[in-house]
Every structure is written in structure tokens, then in C-alpha cells.
Amino acid sequence: MQNNTENTTHFGFKTVAEHEKQKKVGEVFHSVAQKYDVMNDVMSAGMHRLWKRFAVDT
């Protein structure tokens with residue numbers, strides 16, 4: 507049985523303690539960060555680099 511005195515929040519389809527969520531989000535980000543630009547290159551056929559440049563320049 508879960509301790510009802512601890513505040514909980516959602517993380518995906520799970521309910522986790524609020525103090526654990528930040529760590530879990532960081533772990534997800536860390537696991538995809540190195541592959542993020544490669545994924546964007548593939549999914550956008552390289553257009554995301556132009557979109558980023560346009561967004562920064564405007």
C-alpha cells in the first residue's frame with residue numbers, strides 16, 4: 507500500500523512521488539539528448555536545421 511502522506515504526480519502512465527519526477531525527467535532527457543539532432547535530421551530530412559536557424563535569426 508502506498509504512503510498517502512507523500513505527494514504524487516504523473517510521469518507518463520505511472521504515478522510517482524513528486525520529489526522523484528525531476529530525476530526521472532532528467533534521466534529521460536539524458537538518454538535521448540545525444541540522438542536528438544540525428545532523429546530530427548531523419549524525421550525532417552534536415553529541414554530542422556533551417557527551421558532552427560530561421561527561429562534564431564528572427
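Numbering (our numbering), first residue to last: 507 to 564. Built from N, CA and C at the ideal position, the CB exists for glycine as well.
Locate the alpha helix (DSSP H) running through residue i, then write down its first and last residues.
i: Phe535; result: 524 to 539
Identify the residues that DSSP records as bridge partners of residue i: which are they?
i: Lys558; result: None, per the DSSP bridge assignment.
i: Thr521; result: His516
Considering residue i, what are the terminal residues of the beta strand (DSSP E) in which it resides?
i: Phe517; result: 514 to 517
Taking all protein chains shown into account, decide if residue i is buried (16 or more other Cβ within 10 angstroms of its Cβ) or exposed.
i: Met507; result: Interpretation of Met507 is limited by its pLDDT of 49, a score under 50 that renders its predicted location unreliable; the figure taken from the coordinates is listed afterwards. That one is exposed.
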